Structures are given as C-alpha cells and as structure tokens.
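Peer 1: Counting in the UniProt record's numbering, the sequence shown runs from 1 upward without gaps.
Glycine is no exception: its CB is placed at the ideal position from the N, C-alpha and C atoms.
Fair warning: this is a prediction, and the values are worked out from it, not measured in the lab.
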Amino acid sequence: MATATAADPQLSRGLQSEIMDLLDSFKDLGINHQVNVPQIIVCGDQSSGKSSVLEGITRFDFPIKGGLCTRFPTQLQLRSGQRVAIRAYVQPGPDRSESEARRLREWQLEIKNKSQYKNIFNDVAPVLGLGDTSNFVSDVLCIHAVGPSLPNLTFIDLPGLFQGIGEGQTLEDRKTVENIVRSFMSNPRSLIVGVLCGEDDIARNSVTTLMREYDPQGLRTIGVISKPDLLDRDEDRARSYMKLLNQGGGELSLSHGWFVVKSRNSQNMTISSEDRDAEESKFLSQGRWTTISSRQKGVKSLERQMSTVFGNLLKGQMPQLLQEIIARITQVRSKLASLPSPSLDHHFKDLLVRVVKSVQGIVTEAVNGTCKNAIFTQGPQQARKALRLRENLEDLVMEVKSELEIKGQAFYITGGPCDRGEIPDGAKTESYVALLEMQAEENESGGGTPGMFNEVATVNLFKNLADDWPQILEGFVEQVRKALRNFIGLVLDALLQGQGSPDALFEHVINPFLEQRCSILAQELQDLTSFEKPMTLSKNIKAQLASARIEEILRLVMPEQATSFSSFRQTNHGVDLQTLRQRFTPYIVTHQFAAAETIKCAEALYAMQLNKVIHALDFDKLDSIVLQHLPDCLTLEVVQNLGSSVFQSMFADLQVDTSERQQYEECLEMLNKAKDSIELFNSTGQGPSNGIERQSDHTNELNDIFHAPNKRALHRDNESDGSPSAKHPKLGDK
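1. Would you kindly work out how many angstroms separate the C-alpha atoms of Ile292 and Pro319, rounded to a whole number?
2. To the nearest angstrom, how far is the alpha carbon of Ser17 from that of Arg79?
3. Ser149: which of Glu603, Lys401, Phe60, Ala383 sits nearest, CA to CA?
4. Would you kindly work out how many angstroms separate the C-alpha atoms of Leu130 and Glu55, rounded to a whole number?
5. What does Ser226 pair with, by DSSP beta-bridge criteria?
6. Give me, in chain order, the residues of the same chain whose beta-carbon lies closer than 7 Å to that of Glu524; leave out the 5 immediate sequence neighbours on both sides.
7. Based on Cα-Cα distance, which residue from Ile41, Ile362, Gln640 lies nearest to Asp350?
8. Locate the alpha helix (DSSP H) running through Thr458, then write down its first and last residues.
9. Considering only the beta carbon of each residue, do Tyr241 and Ile222 sit closer than 8 Å?
10. What do you get for Lys600, buried or exposed, if any count of 16 or more other CB atoms within 10 angstroms of its CB means buried?
11. With respect to the beta strand (DSSP E) encompassing Leu78, which residues constitute its N-terminal and C-terminal limits?
12. For the candidate residues Leu322, Leu521, Leu610, Pro470, whose alpha-carbon lies nearest to that of Gln628?
13. Measuring straight from C-alpha to C-alpha, what distance separates Gln82 and Lys315?
14. Using 8 Å as the threshold, is the C-beta distance between Val90 and Leu141 below it?
15. Have a look at Ser301 and Arg333 and give me their C-alpha separation to the nearest angstrom.
16. Under the rule that 16 or more other beta-carbon atoms within 10 Å means buried, what is Val353, buried or exposed?
17. Going by Cα to Cα distance, which pick from Ala607, Glu666, Lys612, Arg517 is closest to Asp623?
18. Do Ile40 and Val136 have their beta-carbon atoms positioned less than 8 Å apart in this structure?
19. Between the beta-carbon of Gly198 and the beta-carbon of Lys227, is there less than 8 Å?
20. With DSSP collapsed to three states, give me the class of Arg174.
21. Say whether the region 227-237 touches the region 245-254, bearing in mind that this needs 3 or more beta-carbon pairs closer than 8 Å, one atom from each stretch.
22. Quick one: give me the first and last residue of the beta strand (DSSP E) that Glu507 is part of.
23. Per DSSP, which one or two residues make a beta bridge with Arg390?
24. Given Met211, which residues of its chain have a CB within under 6 Å of its CB, disregarding the five upstream and five downstream residues?
25. Under the rule that 16 or more other beta-carbon atoms within 10 Å means buried, what is Lys372, buried or exposed?
26. In three-state DSSP terms, what is Leu219?
27. Under 8 Å, with one C-beta from each stretch per pair, do the region 496-512 and the region 375-386 reach the 3-pair mark?
28. Mapping the DSSP letters down to three states, classify Ala203 as helix, strand or coil.
29. Spatial neighbours of Thr70 within its chain, please: CB distance less than 6 Å, with the 5 preceding and 5 following residues excluded, ordered by chain position.
30. Check whether the region 395-414 touches the region 458-475, counting contact only when three or more Cβ pairs, one atom from each stretch, lie closer than 8 Å.
Here you go:
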C-alpha cells in the first residue's frame, strides 16, 4: 500500500501526545472557529458500523442501540495513562444563543469506571435538548479519557449521514446532519476517516460522495470497510470492495489507503475486547482476506495508520497554523480599531465625529451652491428644496426687497396732491387735509418760523412713514435663521438616521452660533434704518421742495386748468387778483403752505431712503456675514469639547450594541492565548495540559517542526476556501 508519509520520520509518541493536548486546548478556547485546527474526523452513513469501529479503538461500550451517540458530534480525546479517568463536557454549537451556550458550558461529568461510559450519553441528552424523538444538534460532546489501554489519539465521531427518512426523522434532520459533516470536512486540516459498510453499494454511499467533493485527490482521507462478513452476500459488491483495498478504486483511491475492520455484531455483543480482537484476526486471516496486506487489516493497523498520518499532518501544519493565528490576530485588531469605543461617551463621540465630518462637506457644498452630495437629490421634494440653502436665501433677499417696496410705507396720504391713486390692500391711510393741519401745528411747535418750512418736522414725518421697516427687516432675519436651522436639522437627521436626537446639539452648539451670526446681520440692517443721527436734506430734496412750492402755487392760482408750471406758462390766462387773494389768505394764515411743503419733502425723503436701503440689502451682505461662516457652526474641535451631558441627552434613547466588540475582544483573547501556547511549546515543550513544571524532552524535534521548511503538508489546497470567517460570519469582517 502506498502512503504519503512512508518516507517521513515519525513524531515520537510523547511529542505527538503533547501536540494533541495543545490542539485540544485550542478547541476548548474556541480557536477552531477562527482558524483551521488539525483534527481527525470519523464519518460514515447511518448503520455503517462506525461506532463499532470506534469501540475497537477505544475499548469503550458505545450506546449503539437507538443511535443516541451519533445525534451530535463527539470528540474523543484518548490518552494513555495508568489510571482510568473520564471527564465529559460540552462545546456549544455556533447556532446557540449566548445564554444557551453558557448553560451548556456549565455541564460537566466525571466517571472513574469504563462501565459507566454509556451514562455520559444518557445524561447529556436532555442537556442538549434531545428527547426520545430522533433529532440532531451541532453541539460537540467532548470526552477526555485516560486509561492504560488507550492510544494517544483525538478524533471526532460525527453523526451518520442518511438519505431515506426513517421513523422519527425529518428532512430537516437530514439537512442538519449533512451540514454538520460538511462543516468538519471542509476544514483542509481535517484527516477524514470514512467508514463504509460492506452491506452498502459504494456508488450510492453518502460519505463517499462527500469524500470526493472535499478531498478529490485522496490526500487527507483514510478509508475503512466495516462489517466485511456481509460481503459474502454479494460477490459483485465484494469485488468492488476488494478493488478499493488493493488501491484500484479509481476516484476513491486514497494516498493513505483502505483498511478493513471486523467488529462485534449483534450475536457477540457481550464478548470482551480481547475476544473481539481474536475473532477479528481469525476472520481476516482466511478466505479472500489472505490477499490483503496485514498492514491494512484490523483495528490495530487502522489505529497505527491514523496516528502516523496525523503525526505527519501535525509536522507539516503547525508552522502554518502559527502564522495563520498571527494573521488572524492582525485582522481582529484591525476590526476592533474600526469599532466604536467601549465607553458610551466615546462611542457617542465617535459617532458624532463621523457625522460632523459629513456635515461640513455637505454644508460647504450648500454654501457654494454645488450640491453634489446624494443628500440633495434624495428624499421628499419639500426636503430637497429646503436643502438648497443658497437658492432659498437668495429668494428671501428678493422677497424682503419686494416687501419693503410694497408694504414698507406705514400709511398713504389721500385727498391731496400727494394722492397716488392705487393703495395696497390693507394699507393704512391719512387724509391730506387732516395731515396738513397736524403738520402745521408740528411745524410751529418744532421751533420753526411760523408759516415757514420746518426741516425737523419733515424728518419726523419721514420716520413715521418708514415706521414698519425695522419690523420687516427683523422678520427677514428670523426667516434666515429659520432656513438655516431647517437646513442643518435635515442634514443631521439624514446622517444620524435615527441614532439619536440633534436637539441637544442645537441647544448647546448650533443655536448659539446662528444667534451670533444673525445678530451681526440684524445690526447691519438696523444701521440702515437708524434715523437717530441728525438728518439734513440733500440738494436733491431741496430741489424737489422748490418744485413742490411751484406746483402748490399753480394749484391755488389755476386749480381747474394748471397742472404744472410749464403748462401754466404756455397758456394765456386772465388773473383776477381779488380771487387770488381770497384763495391764498386762508392758506397762508393757517400755515398750510409750509405744511404742504413738509409733506411733499417727507415723501421725497422716503423714496430716496427706500432706494438706498434696497440697494444696500443685497445677497452679498448675507453671504459674507452668515453663509460663508456656516461650515464653522459644527466642527471637530467643538465636538471634542462637548460635555458628557450633551452626548447623553442626544443619545438618551439609543441602545448601544457592544456585542460585536465583545465578540472580537473574546476572539482576540483566544487567539493570543493560542499564539502564546504555540510559542511556549516551541521553546520549552510546555503546553497547557502538561503544566508549567514539566519540561519537554523533545526540544530537537520541536525545532525541526517549527523551523524546517514545510515539506509534509498533508493537503496543499488553498486554505482560504475553508476559512473560518466564511463559516462563522459573526466573527468575520462586516
């Protein structure tokens, strides 16, 4: 029989045992969920005789009836020792919740007698949730057994595969078992021991199908034929199995060969292990079995081959395993660095820092009007419009200018030469005649010369006309503030995505900033409408005053015909001085002439000042005072200086899930322990199970394993195909 390991020097029995102890400790840590740990798996179809083969190796009585022991993976850690000691515990499967996993880890059982071995399976069944009905779980029952007749081997007995649905079984059960077997076979460091029953057709066997799938070249599989006595029932089947044993199995040719094992059957279940060995030897030394090499016959030969092949697997894979653990440590550390801090304040601060970085970019685009971020094109139309900040503020400037022109005058004068005809709806009015009387009194009370034009009274009347300007401009500033708040609120809501409320951020940061910038804007606008300083009439106003005097005289001289000085000059009029006297006398006596001049001059001053304010009220002023400073409203420096109460208020309703970080931290702890164990073992031979006080006698062998070039890899396929991160996404990159 050709083997891949025949030319390799073997590991010493003691060192191999110590390395297996090390690997067993890795599985207890859960490292097998992170890296592919070398292991031996025993698999086969239901009723293939797998448990009987294991009985021959372990010398334990397996609870074969009912198949209870094959309803979950069972890891057997066999070690040679003087006293019998058996300890059982459970490694929870990957589909268990954290609470279930804790409960399963608490279960342990210790026995001192081999005869009590079956009790382990009876006791663990209800713990795993198994009742009288046939169902399966992925939890692993670990049995650490020490005894004088035991080999130094660790292997995992997997539930038997089945195709037909038997009594008490379901289609889901079949899928569960297949998934369990596949998860172990897919580990490229698994040594597969595939058991075939002599009663079954090779081509229709489920385990051979998976052997071809996961080990197509047969580099990491040992084949076992059980129940060879049943081959006598079908010669064609017997020839097929004999062909396998003679390495003529085609696709099922295995580098490590096929073995035949004769175990106890239903007629001789009570015989001793020694009698079992004797009966097996007798059966395989006669008939067709005489043509098969003695190295392929019997459970002892199988045990030796399993130990030899696995020893060479360890020699070839341990250096790679160490490097893989180191690489995985780097990956996990990188992932931890990207996760939020375990401190809630730090977690919230990290979250807000990420939001602020995005806010500054979005605000800058809105200020410049580029609006390239996806936020400007997503969401309801009303929200998209509110995010067009520059356009909205430009519209507000145009609207306030229009409002000043249309609604800025506090009242309109009717019934005189100042009558404009059309008056805006809802506008206040004052009678020209009543205003003349009131203004005449004010002219005299203001210290002016009786009957003469009073400049102070003119300014006061102008102020009355412009009395609504401050209110209009205050409303404009408030609209600007509201547009800015609405814009920032929409941006924060979009970025936070429900992970907290921005109210506290507005209260402590954004509102004070907007208040400051809008106050500066309001002060600038207030300066435009502040008439506290003495106002003098310009030459233009005085020219309009002279024109007004002429117009008023013409109105008195020729009230029916003359509308202007030019039309009066071009017309030949007969003037009755007596009539003129009658018209002018009451006008001059009551000082209405000066009052009329004041009204006309105040209206001219109003028009001039309105034009000045509208011209000064441009978008550039708003842009320079408010808009260009908006990216500074929320900076990283501001966030870093926020107090804990702000974060707690912002994220009061947010439940922080730290489970992902906890998983990665636990994973990192496991990996570091495994790395330290391998490095310690490499330098001293001290593993977790042998204790610090014991120094290994295998230093030279260890140096050879860890420092020699890797020439003994049992399976050289790309190991990333079976990477643990693919099988355990909760600890993989997300």
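Peer 2: Quick look at the numbers:
1. Start at 1 with the first residue of the sequence shown, and residue 292 comes out as number 292. Start at 1 with the first residue of the sequence shown, and residue 319 comes out as number 319. If you take the alpha carbons of Ile292 and Pro319, they lie about 37 Å apart.
2. One-based indexing of the sequence shown puts residue 17 at position 17. One-based indexing of the sequence shown puts residue 79 at position 79. Cα-Cα distance, rounded: 7 Å.
3. As a position in the sequence shown, residue 149 is number 149, starting the count at 1. For Ser149, the nearest C-alpha among the options comes from Phe60.
4. As a working mapping, residue 130 is identified with position 130 in the sequence shown. As a working mapping, residue 55 is identified with position 55 in the sequence shown. Cα to Cα, Leu130 sits roughly 23 Å from Glu55.
5. Along the sequence shown, read from residue 1 onward, the residue named residue 226 stands at position 226. Per DSSP, Cys197, Val261.
6. As a position in the sequence shown, residue 524 is number 524, starting the count at 1. Correct list, in chain order: Lys621, Ile625.
7. Locating residue 350 in the sequence shown gives position 350, where the first residue counts as 1. The shortest C-alpha separation from Asp350 is found at Gln640.
8. Taking the first residue of the sequence shown as 1, we reach residue 458 at position 458. Counting along the chain, the alpha helix (DSSP H) containing Thr458 begins and ends at 455-465.
9. Your numbering for residue 241 matches position 241 in the sequence shown. Your numbering for residue 222 matches position 222 in the sequence shown. In this structure, Ile222 does not lie closer than 8 Å to Tyr241 by Cβ.
10. One-based indexing of the sequence shown puts residue 600 at position 600. With 16 or more other Cβ atoms within 10 Å, it is buried.
11. Position 78 of the sequence shown, counted from the first residue, corresponds to residue 78. Per DSSP, Leu78 belongs to the beta strand (DSSP E) from 74-80.
12. Looking up residue 628 in the sequence shown gives position 628. Nearest option by C-alpha distance: Leu521.
13. If you number the sequence shown from 1, residue 82 lands on position 82. If you number the sequence shown from 1, residue 315 lands on position 315. One C-alpha to the other measures close to 28 Å.
14. By 1-based counting over the sequence shown, the position of residue 90 is 90. By 1-based counting over the sequence shown, the position of residue 141 is 141. For Val90 and Leu141, yes; Cβs fall inside 8 Å.
15. Position 301 of the sequence shown holds residue 301. Position 333 of the sequence shown holds residue 333. Each residue's alpha carbon lies about 46 Å from the other.
16. For the purposes of this step, residue 353 is taken as the residue at position 353 of the sequence shown. Per the 10 Å Cβ criterion, exposed.
17. In the sequence shown, counting from the first residue as 1, residue 623 sits at position 623. When only C-alpha atoms are compared, the closest one is Arg517.
18. For the purposes of this step, residue 136 is taken as the residue at position 136 of the sequence shown. For the purposes of this step, residue 40 is taken as the residue at position 40 of the sequence shown. Looking at the sequence itself, residue 136 is Phe, so the reference to Val does not match. Result no, Cβ atoms of Phe136 and Ile40 do not sit closer than 8 Å.
19. Sequence index remark: in the sequence shown, residue 198 carries index 198 (1-based). Sequence index remark: in the sequence shown, residue 227 carries index 227 (1-based). Yes, Cβ-Cβ distance for Gly198 and Lys227 is below 8 Å.
20. On the sequence shown, position 174 is the one that residue 174 refers to. If DSSP states are grouped into helix, strand and coil, Arg174 belongs with the helices.
21. no
22. The count along the sequence shown starts at 1 and reaches residue 507 at position 507. Where Glu507 is concerned, there is no enclosing beta strand (DSSP E), because DSSP gives it neither an H nor an E.
23. Here residue 390 refers to the residue found at position 390 when the sequence shown is read from its first residue. Its beta-bridge partners do not exist; DSSP assigns none.
24. Here the question's residue 211 lines up with position 211 in the sequence shown. Within the same chain, Met211 has close Cβ partners Gly194, Thr221.
25. Along the sequence shown, read from residue 1 onward, the residue named residue 372 stands at position 372. Flag for Lys372 reads exposed.
26. Looking up residue 219 in the sequence shown gives position 219. The answer is coil: DSSP assigns Leu219 none of H, G, I, E or B.
27. no
28. As a working note, residue 203 is residue 203 in the sequence shown. Coil.
29. On the sequence shown, residue 70 is found 70 positions in, with the first residue counted as 1. Excluding sequence positions up to five before and after Thr70, its CB lies within less than 6 Å of the CB of Pro159, Gly160, all in the same chain and listed in chain order.
30. yes
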